[in-house]
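Residue numbers 16 to 407, in the working numbering, belong to the letters of the sequence shown in order. Worksheet: one structure, shown below.
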Amino acid sequence: MEELISRRETLRKGLATASWLALMPDWALPAMAEDASDVPFTDIPNTFNPNNPNSTARLLDIRKIDGPITPKDQFFGTQHFNKPEIDGEKYRLKFTGLVHKQAEYSLSDLRAMKSTEIINGYECSGNSPRAMEGLCSNGRFTGVRLSSILKQLTIDPRAREAVFLGTDRGPLDIVFRQQTYKLEQQFGRSMTLENALKPDVMVAYALNGEPLTRDQGFPARLIVPGWYGVANVKWLAEVHLQEDRYLGNFQARWYRTLRGVGGTGEDADPETQWIESEVTRMHPKSVIARVRKTAGAHSILGFVLNDGTPLKSVEVQIDGGAWQPATLDKSNSRYSWKLFTYRWEGATPGEHTLVSRVTDANGVMQPEAAALKRKKTFLEDNGQFPRKVMIS
Ligand SMILES: Nc1nc2c(c(=O)[nH]1)N[C@H]1C(S)=C(S)[C@@H](COP(=O)(O)O)O[C@H]1N2
Ligand SMILES: [Mo]
C-alpha cells in the first residue's frame, strides 16, 4: 500500500516544513538541462505521425518526454470500438453477479468515497518499435480501490472471476468451427477475483488531477497497475462477479500470445511445445527515448515499463561496446515507468547505435529482439530496441 505514494511525495510529506524543499526540482534528470539540445534520431520513418488522423490510436512521441508524468493532453490512447460519449450526470457503475448486495454508483458517489492515488505507467501490449514505442504513458490516477467497494457489497464465496464491461460495443466476427457469427459485442475483460482484489487495483475517475477525457474513459475506468493496457477497461459500466471463466472476445481470443517452449523452436520440432497464454502483466522493457547534447557530454534518457518488480539494473550499450550501468531517476515509484539516464562521454561525429536493457530483481532480463523469434504472435514484444542517432 505504501507503494501508492511515490517516494517523492513521501519525502515531501515527511519534510513538509522544510522551506528548501520548495526549491527541489520534481525530478533531477541532467538530460533536461536548459542549455541542452536534442540529437536527432535517424531511425524514425518519414511517415511516422504520432497523431495520425486516420488512426484510432494516438501515440506518445517519446522524443518529447521531459518529466516523470505524461501531460494529460499527450497521453497515448487506443480502443477497439467507438469512444462512447457518456453523460456524467446519468452515469451509473453497476456491481452485479455474486455479491450479496448488488449496487450501482453515480460519479458523485464514487467521488465521495475514500480516494486513493497511484502513479501508473503502462503500455498497450501491441507496443513495439513499429509504433516507435509510443503506445505508452505514465500518469497519476485518482480513484477508489476496487477491493474496498467489493468488500462492502459482501462477496459470495462462490465468486472466482471478476468481469469488467465497458460501455463501448460493436460488431465482431466470432469464429467457431469454420462458422463465423457476426454479432454485436460489448468490450469486456476479466481476471481472477484474487487479482481483482489486490489493493492497487482501482476504479479511476481522474488523471493528473483532472477528470478523464472522453478518450481516456470518462467518467471512470479500471486501472490495474503493472498490467498491459488492455486490463484498464475504459468507460467502465459494470463489474460482474461469477464462478466460471469469462470467454469474451478480448479476453479469450484477441489478447493471447503464442510461444514455442523447449526444443529448437522450429515449427516441426516435436520437442517444441506451442503454448498460448493470456496477456496479463507487463514484461520488463526499456527504451531509449531521447538523446541530449549537454555541456561536455551527451545524455541518454529512457524509460522502463514492467510489472512492479524492483529493478536490478538498466544498462546502455553504445556501438556494440561494453554494457554500462544507467542511473535510475529519483522520481520513479513502484508502478510508474522508471526513467533512467546515461552520461555518454566522448561521442564522435557520425551515426551511432544505442541500445538499453533492463534486468529485474528476479533476474528476468529484457531479451534481444532475435531471442523473441519463438513468439509467433506480435503482442508482448519487449525486445531490446537499438536506436540510431546522428552526432554532428
Ligand atoms: N472499454 C474499453 N476499454 C479499453 C479498450 C477498449 O477498446 N475498450 N482498449 C484497451 C487497450 S487495448 C488499451 S492499450 C488501453 C489504452 O488506454 P488509454 O487509451 O487510456 O491509453 O485501454 C484499454 N481499455
Ligand atoms: Mo492495447
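Beta carbons: idealized from backbone N, C-alpha and C, even for Gly.
query: Does the region 217 to 235 come into contact with the region 186 to 193, if we say contact requires no fewer than three beta-carbon pairs (one atom in each stretch) closer than 8 Å?; result: no
query: So, helix, strand or coil for residue 199, using DSSP?; result: strand
query: Report buried or exposed for residue 400, applying the criterion of at least 16 other Cβ atoms within 10 angstroms of its Cβ.; result: buried
query: Could you say which of 301, 349, 407, 374 lies nearest to residue 133 if we only look at CA atoms?; result: 349
query: Indicate, with yes or no, if ligand 2 has a heavy atom lying under 6 Å from the CB of residue 151.; result: no
query: Taking 7 Å as the threshold (C-beta atoms), are residue 233 and residue 204 in contact?; result: no
query: Could you check which residue in 55, 159, 384 has the C-alpha nearest to that of residue 213?; result: 159
query: Look at the alpha carbon of residue 90 and the alpha carbon of residue 147, and state the distance between them as a whole number of angstroms.; result: 15 Å
query: Compute every distance between the C-beta of residue 239 and the non-hydrogen atoms of ligand 2, then say whether any falls below 6 Å.; result: no
query: DSSP three-state call for residue 144: helix, strand or coil?; result: helix
query: Quick one: complete alpha helix (DSSP H) runs, 4+ long, within the region 166 to 231?; result: 208 to 211
query: Considering only heavy atoms of ligand 1, does any lie closer than 6 Å to the CB of residue 231?; result: yes
query: Do you know how far the Cα of residue 98 is from the Cα of residue 71?; result: 10 Å
query: Go to residue 125, then tell me how far its alpha helix (DSSP H) extends in each direction, as first and last residue.; result: 122 to 127
query: Please state if the CB of residue 276 and the CB of residue 140 are separated by a distance shorter than 7 Å.; result: no
query: Rounding to the nearest angstrom, what Cα-Cα distance links residue 292 and residue 261 in this structure?; result: 15 Å
query: Under 6 Å: does the beta carbon of residue 183 sit that close to some heavy atom of ligand 1?; result: yes
query: Shorter than 6 Å, the distance from the beta carbon of residue 244 to the closest heavy atom of ligand 2, or not?; result: yes
query: Is residue 254 near ligand 1, with its Cβ less than 6 Å from a heavy atom?; result: no
query: What distance in whole Å lies between the Cβ atoms of residue 280 and residue 389, which are believed to be in contact at a cut-off of 8 Å?; result: 4 Å
query: Between the beta-carbon of residue 408 and the beta-carbon of residue 93, is there less than 7 Å?; result: Absent from the structure is residue 408, since the part of the chain shown begins at 16 and ends at 407.
query: Just tell me which of 182, 197, 339, 387 has its CA closest to the CA of residue 253.; result: 182
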